[in-house]
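*Asks:* My numbering numbers the first residue of the sequence shown as 668 and each following residue consecutively.
Pasting in a structure now, in structure tokens, and then I'll have a few things to ask.
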Amino acid sequence: MTPPRRPNRLLAALLAEADWTATDLSRAVNALGAARGLQLRYDRTSVARWLNGARPRPPVGELIGEALGRRLGRRLTARETGLTDPATIGVLSPAWRAGDPVQRLALLCRAETDPVRRADLARTVLSAPPPVVTGWESRPPVLPPADPRAPQASAAAPARLEAVAVRSALLGERYGGAQGRSALAGYLTTEVVPLLTAPAHPAVRRALLTGAAHLTLLLAGRTSETGHPALAQHYYDIALELAHAAGDRGTHAIVLRCLSMQAHQLGDHAQAIALGEAATEIAGSAVPRAVRAFLHAGRAVVLAGAGQARAAAADLLTAEQHLSRATGPEGPFTSYPETALRYQRAEMLSCLGDHKAALGELESSLACRPADHHKAHTLLHAHLAHTLLALNEVDAAVDHSLHALRHHRQLAAGSVHGTLPRLAHRLAPHQRNPRVKAFRERLRAPAR
């Protein structure tokens, strides 16, 4: 190996995106080497040296790229793994953290579509994003300046954006957040951003901003799901600003709810509650009942996470009442299925320690999910396994762990980041159980 150089941030980002440990990568490289007749004996300490800037002798760099590329479902060059001359990439700038949301969206998404800068982006966007502005009445909605030199945006353009959002949301349910994430960023860059400053009737421009906010919100959720919550918060903030410019209270409140849930998952209960309260306050009675059900169910979970059982139960009851009277078209931003409410109820009950009641809600939610919604099945089976372990039912937990693994292998690599490693960690105290041992071995085995 060559002398150590500066830390390899590109390789670290790819390893995180692949949801692999250092041991996983070393095993994959050794296996590829064996297929070429090479006797390699790399281990996690070897990977640690690569991450610290050391470079292996040829052709091991190619094998590393091939192993990670197979895991991520795309071809990787040696430059993308950071195993050639270090790239001098400085993707962060003040413009990414403040100012015009259209410009910020364009800058971020262009970096996402650059294979080299994409990995570095996930590592460098770790400085705090701008503080979330939750107020609505404090500033009037303002459309971005139109570019008079640009072609006129047609009245049909907003419907195209919503159609892409619906399709993207469905693909995410079927194959996970990593599926088409870069393609979504590319679509925002090439198709959506130019529309946001194109001349058009104000109503069309507002509809385009709402469509852009929906697509940016989907990209934020996928970014968070693949293990990059700091970068996701930048996208959430942009989606908030786009929704505000559109004068769309419902979308603005939905984004705040998503931010609230991310804060809850990261253990910031005070921030989660503040964002959840802002979401319901901004929405008021001006948004459809399905959206209000979604907002109150989310706030019930974050209140339960903070130990506020009575307030959580009241919010959940409000969500149930709104959902029972909800009408409107099906869609990712216009409806809220009963099966999703059951999952939120289970999350709330789990936070409050009522695992038996949570078990029933999870089973009911699972029974209503479409068979090809592999992301939901992965999460539900994993949650069921955790719940059963809390009830000391190890064998039943292993059954659901195996189901979670089976559905997870239908997802694009990197989706529902950390779900299976957390499950393996919870099962570790029972590793003498033969079925637990068999599951952990299957988890380590490469997908076929």
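Backbone N, C-alpha and C fix where the C-beta goes; we use that ideal spot for every residue, glycine too.
Since the model is a prediction, treat every value here as computed from it, not as a measurement.
(1) Could you check where the alpha helix (DSSP H) with Pro-869 kicks off and where it finishes?
(2) Using 8 Å as the threshold, is the region 803–813 in touch with the region 862–869, meaning 3 or more CB pairs across them?
(3) Locate the alpha helix (DSSP H) running through Ala-832, then write down its first and last residues.
(4) Mind checking whether the beta-carbon of Gly-1085 lies closer than 6 Å to any heavy atom of the ligand NAP?
(5) From Arg-848, His-1067 and Glu-747, pick the residue whose C-alpha is nearest to that of Leu-1087; which is it?
(6) In angstroms, rounded to a whole number, what distance separates the CA positions of Ser-952 and Ala-986?
(7) Between the C-alpha atoms of Gly-766 and Leu-909, what's the straight-line distance to the nearest angstrom?
(8) List in chain order: all unbroken alpha helix (DSSP H) runs of 4+ residues lying wholly within the region 930–1018.
(9) Can you tell me whether Val-1083 is helix, strand or coil according to DSSP?
(10) Taking the C-alpha atoms as reference points, what is the distance between Leu-1110 and Leu-1094?
(11) Since I believe His-1050 is in contact with Ala-993 (beta carbons under 8 Å), could you give me their beta-carbon distance rounded to a whole number of angstroms?
(12) Given Gly-757, which residues of its chain have a CB within under 7 Å of its CB, disregarding the five upstream and five downstream residues?
(13) Quick check on Cys-1035: does DSSP put it in helix, strand or coil?
(14) For Gly-914, I'd like the list of residues in its chain whose CB is within less than 7 Å of its CB, leaving aside the five on either flank, ordered along the chain.
(15) Residues in its own chain within less than 8 Å of His-1048 by CB, not counting five upstream and five downstream?
(16) Within this structure, are the beta carbons of Val-954 and Arg-916 separated by less than 7 Å?
(17) Output the boundary residues of the alpha helix (DSSP H) element that contains Pro-1096.
(18) For a quick check, are the C-beta atoms of Tyr-1085 and Ala-845 less than 7 Å apart?
(19) Could you check what DSSP says for Glu-804 in three-state terms: helix, strand or coil?
(20) Determine, using beta carbons only, whether Ser-891 and Ala-880 come nearer to each other than 7 Å.
(21) Between Ser-794 and the rest of its own chain, which residues show a CB-CB distance below 6 Å, the 5 nearest in sequence each way excluded?
(22) Going by the beta-carbon positions, is the gap between Arg-848 and Arg-784 smaller than 7 Å?
(23) May I ask you to report which of helix, strand or coil DSSP gives Glu-747?
(24) State the start and end residues of the unbroken alpha helix (DSSP H) segment that holds Val-727.
(25) Measure how close the beta-carbons of Leu-692 and Leu-682 come, nearest whole angstrom, since I'm counting them as under 8 Å.
(26) Which residues in the same chain have their Cβ closer than 7 Å to the Cβ of Tyr-709, if we skip the five residues on either side of it in sequence?
(27) Would you call the region 966–986 in contact with the region 1024–1033, where contact means no fewer than 3 C-beta pairs closer than 8 Å?
(28) Quick check on the DSSP output: what are the complete alpha helix (DSSP H) runs of length 4 or more inside the region 685–720, in order along the chain?
(29) Determine the burial state of Pro-768: buried for a count of at least 16 other Cβ atoms within 10 Å of its Cβ, exposed for fewer.
(30) Is the shortest distance between the beta-carbon of Leu-692 and the beta-carbons of chain B less than 7 Å?
(31) Name the two residues that bound the continuous alpha helix (DSSP H) containing Gly-853.
(32) With a threshold of 7 Å on Cβ separation, who are the neighbours of Leu-862 within its own chain once the five nearest residues in sequence on each side are excluded?
(33) Got a sec, what are the start and stop residues for the alpha helix (DSSP H) Ala-1064 sits in?
(34) Between Glu-733 and Asp-1039, what straight-line distance do the alpha-carbon atoms span, to the nearest angstrom?
(35) With the cut-off set at 7 Å, would you say Leu-1079 and Tyr-842 are in Cβ contact?
(36) Suppose the cutoff is 6 Å on Cβ atoms and the five residues either side in sequence are ignored; what does the same chain contact list for Leu-1058 look like?
*Replies:* Result, derived from the coordinates:
(1) Counted from its first residue, the sequence shown places residue 869 at position 202. It spans 869–892 - the alpha helix (DSSP H) in which Pro-869 sits, taken as one unbroken run.
(2) yes
(3) Taking the first residue of the sequence shown as 1, we reach residue 832 at position 165. 824–842 is the extent of the alpha helix (DSSP H) around Ala-832.
(4) Within the structure as shown, the ligand NAP is missing, as the structure has no ligands at all.
(5) Numbered from 1 along the sequence shown, position 420 holds the residue referred to as residue 1087. For the residues Arg-848, His-1067 and Glu-747, the minimum Cα distance to Leu-1087 belongs to His-1067.
(6) Taking the sequence shown and counting its residues from 1, one reaches residue 952 at position 285. Taking the sequence shown and counting its residues from 1, one reaches residue 986 at position 319. Taking the straight line from one Cα to the other gives about 13 Å.
(7) Along the sequence shown, read from residue 1 onward, the residue named residue 766 stands at position 99. Along the sequence shown, read from residue 1 onward, the residue named residue 909 stands at position 242. So the two alpha carbons sit approximately 12 Å from each other.
(8) 936–950, 956–972, 976–991 and 1005–1018
(9) Here residue 1083 is taken as the residue at index 416 of the sequence shown, counted from 1. Coil at Val-1083, not helix or strand.
(10) Locating residue 1110 in the sequence shown gives position 443, where the first residue counts as 1. Locating residue 1094 in the sequence shown gives position 427, where the first residue counts as 1. The straight-line gap from Cα to Cα measures roughly 12 Å.
(11) As a working note, residue 993 is residue 326 in the sequence shown. As a working note, residue 1050 is residue 383 in the sequence shown. The pair is not a contact, with the Cβ atoms about 25 Å apart (cut-off 8 Å).
(12) The residue given as residue 757 occupies position 90 in the sequence shown. Because the pLDDT of Gly-757 is 40, which lies under 50, any placement of that residue in the model is unreliable, and the number read from its coordinates should be weighed accordingly. Correct list: empty, nothing qualifies.
(13) Your numbering for residue 1035 matches position 368 in the sequence shown. Coil.
(14) Working through the sequence shown from its first residue, we reach residue 914 at position 247. Excluding positions up to five away in sequence, the list reads Pro-808 and Arg-873.
(15) Reading the sequence shown from its first residue, position 381 is the one you call residue 1048. The residues are Leu-1033, His-1067, Ser-1068, His-1070, Ala-1071 and His-1074.
(16) The sequence position of residue 954 within the sequence shown is 287, counting from 1. The sequence position of residue 916 within the sequence shown is 249, counting from 1. In this structure, Arg-916 lies closer than 7 Å to Val-954 by Cβ.
(17) The count along the sequence shown starts at 1 and reaches residue 1096 at position 429. No alpha helix (DSSP H) contains Pro-1096, which DSSP labels as neither H nor E.
(18) For the purposes of this step, residue 1085 is identified with residue 418 of the sequence shown, where counting begins at 1. For the purposes of this step, residue 845 is identified with residue 178 of the sequence shown, where counting begins at 1. Sequence inspection shows Gly at residue 1085; the Tyr mentioned does not correspond to that position. It is not a contact, given that the beta carbons lie outside the stated cut-off.
(19) For this step, residue 804 is matched to residue 137 along the sequence shown. Correct three-state label for Glu-804: coil.
(20) Counting from one through the sequence shown, the residue named residue 891 turns up at place 224. Counting from one through the sequence shown, the residue named residue 880 turns up at place 213. For Ser-891 and Ala-880, no; Cβs fall outside 7 Å.
(21) The sequence position of residue 794 within the sequence shown is 127, counting from 1. With a pLDDT of only 45 at Ser-794, under 50, the local geometry of the prediction cannot be trusted, and no value is derived from it.
(22) For the purposes of this step, residue 848 is taken as residue 181 along the sequence shown, with counting starting at 1. For the purposes of this step, residue 784 is taken as residue 117 along the sequence shown, with counting starting at 1. Not in contact: Arg-848 and Arg-784 (Cβ atoms no closer than 7 Å).
(23) Sequence index remark: in the sequence shown, residue 747 carries index 80 (1-based). Reduced to three states, the DSSP call for Glu-747 is coil.
(24) Numbered from 1 along the sequence shown, position 60 holds the residue referred to as residue 727. Run containing Val-727: 727–739, per the alpha helix (DSSP H) assignment.
(25) The residue given as residue 692 occupies position 25 in the sequence shown. The residue given as residue 682 occupies position 15 in the sequence shown. Between Leu-682 and Leu-692 the Cβ distance is about 6 Å, and since that is below 8 Å, they are a contact.
(26) Numbered from 1 along the sequence shown, position 42 holds the residue referred to as residue 709. So the list reads Ser-693, Val-696 and Asn-697, once near-sequence residues are dropped.
(27) no
(28) 689–702 and 711–718
(29) Within the sequence shown, the letter at position 101 stands for residue 768. Result: buried.
(30) The structure shown has no chain B; it contains just one protein chain.
(31) Position 186 of the sequence shown, counted from the first residue, corresponds to residue 853. Gly-853 -> alpha helix (DSSP H) spans 848–854.
(32) Translated into positions along the sequence shown, residue 862 becomes position 195. Cβ within range, chain order: Ala-820, Ala-824 and Leu-875.
(33) For the purposes of this step, residue 1064 is taken as residue 397 along the sequence shown, with counting starting at 1. Counting along the chain, the alpha helix (DSSP H) containing Ala-1064 begins and ends at 1061–1075.
(34) Your numbering for residue 733 matches position 66 in the sequence shown. Your numbering for residue 1039 matches position 372 in the sequence shown. Answer to the nearest angstrom: the Cα atoms are 29 Å apart.
(35) Translated into positions along the sequence shown, residue 1079 becomes position 412. Translated into positions along the sequence shown, residue 842 becomes position 175. It should be noted that the sequence gives Ala, not Leu, for residue 1079. Result yes, Cβ atoms of Ala-1079 and Tyr-842 sit closer than 7 Å.
(36) Numbered from its first residue, the sequence shown carries residue 1058 at position 391. The answer, listed in chain order, is His-1022.
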